[in-house]
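So the sequence lines, in the order shown, correspond to chains A and B. For the first sequence, counting from 1, position 184 maps to 189 in this note's numbering; every step adds exactly one. For the second sequence, counting from 1, position 48 maps to 53 in this note's numbering; every step adds exactly one. Ideal placement from N, C-alpha and C gives every residue a C-beta, glycine not left out. Comments concern the structure below.
Number of protein chains: 2
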Amino acid sequence: MVNWATDDDPHRRLPLSTSPTAPAAPATPERPVPARTGGRAGKRQAITQGARTVFGREGYSRTSIEAIAAEAGVSTRTIYNHFEGKDQLFSDVVHDSAGQVADAFIATVEKQVTGTDPRTDLLALGRAFVGQRTQFPEHFAMIRQIKAEVQHFPAAVIDAWQQAGPQRVQQEVARRLQQLADAGLLRIPEPARATVHFIALVTSEITIRPYGSPALGPAQVRDCVTRAVDAFLHGYGTDSAAGAPR
Amino acid sequence: MVNWATDDDPHRRLPLSTSPTAPAAPATPERPVPARTGGRAGKRQAITQGARTVFGREGYSRTSIEAIAAEAGVSTRTIYNHFEGKDQLFSDVVHDSAGQVADAFIATVEKQVTGTDPRTDLLALGRAFVGQRTQFPEHFAMIRQIKAEVQHFPAAVIDAWQQAGPQRVQQEVARRLQQLADAGLLRIPEPARATVHFIALVTSEITIRPYGSPALGPAQVRDCVTRAVDAFLHGYGTDSAAGAPR
DNA sequence: AGTAAAGTACAACGTGCATGGTAAATTGGG
DNA sequence: CCCAATTTACCATGCACGTTGTACTTTACT
Numbered sequence: 006m007v008n009w010a011t012d013d014d015p016h017r018r019l020p021l022s023t024s025p026t027a028p029a030a031p032a033t034p035e036r037p038v039p040a041r042t043g044g045r046a047g048k049r050q051a052i053t054q055g056a057r058t059v060f061g062r063e064g065y066s067r068t069s070i071e072a073i074a075a076e077a078g079v080s081t082r083t084i085y086n087h088f089e090g091k092d093q094l095f096s097d098v099v100h101d102s103a104g105q106v107a108d109a110f111i112a113t114v115e116k117q118v119t120g121t122d123p124r125t126d127l128l129a130l131g132r133a134f135v136g137q138r139t140q141f142p143e144h145f146a147m148i149r150q151i152k153a154e155v156q157h158f159p160a161a162v163i164d165a166w167q168q169a170g171p172q173r174v175q176q177e178v179a180r181r182l183q184q185l186a187d188a189g190l191l192r193i194p195e196p197a198r199a200t201v202h203f204i205a206l207v208t209s210e211i212t213i214r215p216y217g218s219p220a221l222g223p224a225q226v227r228d229c230v231t232r233a234v235d236a237f238l239h240g241y242g243t244d245s246a247a248g249a250p251r
Numbered sequence: 006m007v008n009w010a011t012d013d014d015p016h017r018r019l020p021l022s023t024s025p026t027a028p029a030a031p032a033t034p035e036r037p038v039p040a041r042t043g044g045r046a047g048k049r050q051a052i053t054q055g056a057r058t059v060f061g062r063e064g065y066s067r068t069s070i071e072a073i074a075a076e077a078g079v080s081t082r083t084i085y086n087h088f089e090g091k092d093q094l095f096s097d098v099v100h101d102s103a104g105q106v107a108d109a110f111i112a113t114v115e116k117q118v119t120g121t122d123p124r125t126d127l128l129a130l131g132r133a134f135v136g137q138r139t140q141f142p143e144h145f146a147m148i149r150q151i152k153a154e155v156q157h158f159p160a161a162v163i164d165a166w167q168q169a170g171p172q173r174v175q176q177e178v179a180r181r182l183q184q185l186a187d188a189g190l191l192r193i194p195e196p197a198r199a200t201v202h203f204i205a206l207v208t209s210e211i212t213i214r215p216y217g218s219p220a221l222g223p224a225q226v227r228d229c230v231t232r233a234v235d236a237f238l239h240g241y242g243t244d245s246a247a248g249a250p251r
């Protein structure tokens with residue numbers, strides 16, 4: 006009876022002030038950390054896993070509960086025993102998935118961005134960023150679905166997703182760029198804009214790529230990032246270009 | 006009985022070699038240019054118009070023929086008198102709409118890019134590009150739907166769309182950038198990449214913007230383009246940045 | 001092994017929707 | 001004003017799917 010995905014009046018707003026991490030559930034001593042890989046909770050995992058796959062491949066409205074059940078190797082009834090319905094399942098999957106992707110990104114950056122010289126750092130940062138898309142294709146397929154259907158999901162779901170994923174990732178990129186700027190290695194008048202510009206450049210070729218064409222190979226991706234970083238550093242102007250930025 | 010949108014084996018390929026502009030239909034002397042605004046053909050116009058609106062707002066699978074009929078002010082039966090079915094209607098609408106948008110873009114560029122100085126030209130080019138998105142919101146809403154659902158449309162439709170719209174637009178941008186490079190006002194080693202980078206930069210802030218947030222005002226959009234163009238020209242590096250591009 | 005929780009198969013209900021048919025109404029051109 | 005093409009209202013069919021109830025089976029822990 007919820008069915009917000011076809012709701013007539015979407016986009017109620019949500020106060021973002023509340024602590025992003027919900028107050029830890031009150032202990033639940035009944036189930037003292039059941040093996041997360043085990044049977045009962047394992048089913049839940051399988052469902053979210055399968056749901057991510059199918060939602061990403063089919064889109065929200067095309068995805069049937071039956072298809073998710075098949076993908077996850079459970080019965081449809083089990084899905085309804087774990088989740089209220091299709092919509093709640095979807096928000097859960099999106100939220101979880103976004104969190105995992107953001108975690109992976111931040112971990113990679115931590116490991117790969119070594120601080121030797123600015124260009125190397127930017128290359129590592131850029132590769133980590135586009136690496137998300139190649140490592141989690143299902144997730145980003147799902148994200149494309151959301152972007153197309155924002156209007157049909159309640160604002161609370163969108164906000165939760167944004168906070169769990171994209172905002173954390175973007176903040177991490179901004180932090181790294183700022184470090185370089187603070188060291189005098191970049192000239193960044195407006196950090197927010199520079200961050201967006203950096204992300205846009207490194208993802209440009211895989212975003213604007215003609216749709217339906219085969220995915221780029223790893224070597225090509227590396228090349229794209231390299232050229233994007235060089236464009237980010239030096240631009241395409243010549244000395245004779247009039248009107249310096251400032 | 007077509008229903009390719011839920012087809013199991015999508016992505017048949019199509020030979021792109023055939024002339025992009027279909028050979029002009031053989032005169033059809035039966036209907037010597039009936040007033041395109043008039044009754045009979047006017048209905049068709051109303052249908053594609055309404056279809057664009059609803060498809061953009063709802064997405065392909067959520068859109069019902071009934072909704073399109075209501076939006077267009079016709080009966081559902083009339084839609085089936087003009088189009089084979091939902092899928093053919095969709096491809097037609099996408100193709101037409103993409104063509105119109107590309108036409109408008111090229112016309113604007115022709116008028117606005119005056120060739121006085123490189124920065125001014127790039128600003129005009131950038132504004133024309135993002136102007137598409139503000140002038141044709143319904144079209145781009147529909148494009149987002151396609152991007153999310155590429156896998157569910159036959160390759161022929163995708164290719165036709167790409168040729169009618171995005172490729173023409175991108176080619177025009179490339180041409181203008183090349184002119185500046187030829188005049189020694191830009192340093193462009195790889196034209197295709199530079200084009201993509203330019204497009205990515207000018208659209209960055211409206212693309213990466215947190216979803217669900219209110220659209221930017223005209224003044225903000227101008228500002229975005231200005232900063233993007235400056236980034237495109239000069240980049241964010243300092244003199245001390247190691248590893249020049251070449 | 002035994003028991004309670006969890007999972008499954010199956011059937012059913014209601015809905016929304018694509019698509020087609022048909023006969024009456026409308027409209028635009030001559 | 002008349003005719004032919006077009007549009008419309010209405011009905012019918014068939015399918016896909018979300019969701020729930022129920023009774024049976026499996027699983028996991030003691």
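What would DSSP say about residue i, mapped onto helix, strand or coil?
{"i": "residue 61(B)", "result": "helix"}
{"i": "residue 90(B)", "result": "coil"}
{"i": "residue 240(A)", "result": "coil"}
{"i": "residue 1(B)", "result": "Summary: the structure shown does not reach residue 1(B), with chain B confined to residues 6 through 251, and so no result is reported for it."}
{"i": "residue 191(A)", "result": "strand"}
{"i": "residue 71(B)", "result": "helix"}
{"i": "residue 216(B)", "result": "coil"}
{"i": "residue 158(A)", "result": "coil"}
{"i": "residue 121(B)", "result": "coil"}
{"i": "residue 170(A)", "result": "coil"}
{"i": "residue 79(B)", "result": "coil"}
{"i": "residue 34(B)", "result": "In this prediction, residue 34(B) scores a pLDDT of 40, lower than 50, which makes its location untrustworthy; the coordinate-derived value is nonetheless stated afterwards. In this structure, residue 34(B) counts as coil in the three-state DSSP scheme."}
{"i": "residue 234(A)", "result": "helix"}
{"i": "residue 145(A)", "result": "helix"}
{"i": "residue 182(A)", "result": "helix"}
{"i": "residue 206(A)", "result": "helix"}
{"i": "residue 66(A)", "result": "coil"}
{"i": "residue 222(A)", "result": "coil"}
Quick one: Cα of residue i to Cα of residue j, how far?
{"i": "residue 131(B)", "j": "residue 221(B)", "result": "16 Å"}
{"i": "residue 229(B)", "j": "residue 138(B)", "result": "14 Å"}
{"i": "residue 76(B)", "j": "residue 70(B)", "result": "10 Å"}
{"i": "residue 214(B)", "j": "residue 184(A)", "result": "23 Å"}
{"i": "residue 125(A)", "j": "residue 52(B)", "result": "54 Å"}
{"i": "residue 226(B)", "j": "residue 120(B)", "result": "22 Å"}
{"i": "residue 154(B)", "j": "residue 188(A)", "result": "44 Å"}
{"i": "residue 128(A)", "j": "residue 178(A)", "result": "12 Å"}
{"i": "residue 161(A)", "j": "residue 68(A)", "result": "22 Å"}
{"i": "residue 133(A)", "j": "residue 204(A)", "result": "11 Å"}
{"i": "residue 109(B)", "j": "residue 45(A)", "result": "58 Å"}
{"i": "residue 195(B)", "j": "residue 233(B)", "result": "19 Å"}
{"i": "residue 200(A)", "j": "residue 216(B)", "result": "17 Å"}
{"i": "residue 95(A)", "j": "residue 211(B)", "result": "26 Å"}
{"i": "residue 223(B)", "j": "residue 49(B)", "result": "33 Å"}
{"i": "residue 143(B)", "j": "residue 66(A)", "result": "20 Å"}
{"i": "residue 190(A)", "j": "residue 173(A)", "result": "24 Å"}
{"i": "residue 186(B)", "j": "residue 231(B)", "result": "20 Å"}
{"i": "residue 193(A)", "j": "residue 72(A)", "result": "48 Å"}
{"i": "residue 107(A)", "j": "residue 219(A)", "result": "26 Å"}
{"i": "residue 141(B)", "j": "residue 101(B)", "result": "13 Å"}
{"i": "residue 97(B)", "j": "residue 81(B)", "result": "17 Å"}
{"i": "residue 135(A)", "j": "residue 208(A)", "result": "6 Å"}
{"i": "residue 202(B)", "j": "residue 206(A)", "result": "6 Å"}
Give the C-beta separation of residue i and residue j to the nearest angstrom, bearing in mind that I take them to be a contact with Cβ-Cβ under 8 Å.
{"i": "residue 240(B)", "j": "residue 238(A)", "result": "5 Å"}
{"i": "residue 112(A)", "j": "residue 169(A)", "result": "Rounded, the Cβ-Cβ distance is 16 Å, inconsistent with contact."}
{"i": "residue 99(B)", "j": "residue 147(B)", "result": "7 Å"}
{"i": "residue 156(A)", "j": "residue 62(B)", "result": "7 Å"}
Relative to the ligand PLP, is the shortest distance from any of its heavy atoms to the C-beta of residue i smaller than 7 Å?
{"i": "residue 119(A)", "result": "Absence of the ligand PLP is noted for the structure shown, with no ligands found whatsoever."}
Legend entry - Under 8 Å (Cβ pairs) to chain A, residues found in the region 73 to 97 of chain B: none
Inset, instruction - Residues of the region 154 to 169 of chain B with a CB closer than 9 Å to any CB of chain A: list them in chain order, please. - result: 154, 155, 156, 157, 158, 160, 163, 164, 166, 167
Inset, instruction - Answer yes if the region 158 to 168 of chain A comes into contact with the region 165 to 177 of chain B, meaning at least three C-beta pairs across the two stretches below 8 Å, and no otherwise. - result: no
Legend entry - Cβ pair count under 8 Å reaching 3, the region 77 to 85 of chain B against the region 49 to 64 of chain B: yes
Inset, instruction - Taking only beta carbons into account, state which residues of the region 96 to 111 of chain A come closer than 7 Å to chain B, listed in chain order. - result: none
Inset, instruction - May I ask you to verify whether the region 91 to 100 of chain B touches the region 108 to 120 of chain B, counting CB pairs closer than 8 Å and requiring at least 3? - result: no
Legend entry - contact_flag[the region 81 to 88 of chain B, the region 139 to 154 of chain B] where n(CB pairs < 8 Å) is 3 or more: no
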